[in-house]
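J.:
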Amino acid sequence: MNSISYMQKATEVAAANGQVFKSIFDVTVAAMQRLTSLNGDLVRSLTRDGALPTAGQDVRERLRTYTARIDETGEYVRECNDLCIKTQMEIARLHMQRMGDVVQALTTQFEELARINPMDTSGMGEALKVMFNNSGSAYEEMTNTMREAVESSLTATLRALQPPQKETPKSPATAKKAA
């Protein structure tokens with residue numbers, strides 16, 4: 045490989061990396077725009093006329109108002125977590141796609157190197173493929189684990205935002221048995 049073809053390949057790699065960076069930036073900007081919209085929607089819903097209970101309201105009406113605000117906040121948290129999950133998945137997809145391109149390029153370069161400098165490289169290409177496949181699988185597993193962690197966090201958050209369930213009154217006999 046001469047220096048001109050090496051520089052051409054280095055330029056191609058830099059351009060491809062720049063394109064991936066631009067794609068990730070676009071995904072991030074779109075997510076930030078959506079998050080800004082969610083923030084605005086939440087603020088509007090919490091501050092609209094009659095959103096805050098007043099001293100003159102009946103206690104039940106006040107509780108309904110508070111419950112509605114908690115529900116809206118819970119929906120906001122769910123939508124934010126959903127947005128984070130989708131954004132992470134899209135960025136992971138872009139990384140995986142780029143990783144596949146890099147593996148292909150490295151494989152091609154090693155095959156070209158083996159063609160130019162004949163030596164016993166029969167196991168080298170296969171070993172590299174296995175290594176890159178294993179690292180790709182590990183990255184994919186890490187991404188799935190992150191997604192599951194975010195989902196379980198979201199589930200726990202939404203459960204915490206649920207109003208407490210009213211306990212059914214216990215009869216005196218049942219209360220004595222429990223004690």
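All residue numbers for the sequence shown refer to the numbering used here, where the first residue is 45 and numbers rise by one. Note that CB positions come from ideal geometry on N, CA and C, so glycine has one too.
1) Give the C-beta separation of residue 114 and residue 191 to the nearest angstrom, bearing in mind that I take them to be a contact with Cβ-Cβ under 8 angstroms.
2) Report the three-state DSSP secondary structure of residue 180 (helix, strand or coil).
3) Does the separation of the CB atoms of residue 123 and residue 82 fall below 7 angstroms?
4) Can you tell me whether residue 122 is helix, strand or coil according to DSSP?
5) Please state the DSSP three-state secondary structure of residue 92.
6) Helix, strand or coil, according to DSSP, for residue 144 in the structure here?
7) For a test of the three-state rule: what should DSSP assign to residue 100, helix, strand or coil?
8) Going by CA-CA distance only, name the one from 102, 105, 172 that's closest to residue 147.
9) Assuming contact is defined by CB atoms lying nearer than 7 angstroms, are residue 127 and residue 68 in contact in what I supplied?
10) Among the candidates 193, 48, 49, 144, whose CA atom is the shortest distance from the CA of residue 132?
11) Cβ of residue 114 less than 7 angstroms from any chain C Cβ?
T.: Let's see:
1) About 26 angstroms separates the beta carbon of residue 114 from that of residue 191, a gap too long to meet the 8 angstroms contact definition.
2) helix
3) yes
4) helix
5) When DSSP states are grouped into helix, strand and coil, residue 92 belongs to the coil group.
6) helix
7) coil
8) 172
9) Cβ distance not < 7 angstroms, so residue 127 and residue 68 don't count as in contact.
10) 193
11) Structure shown: chain C not included; a single protein chain is present.
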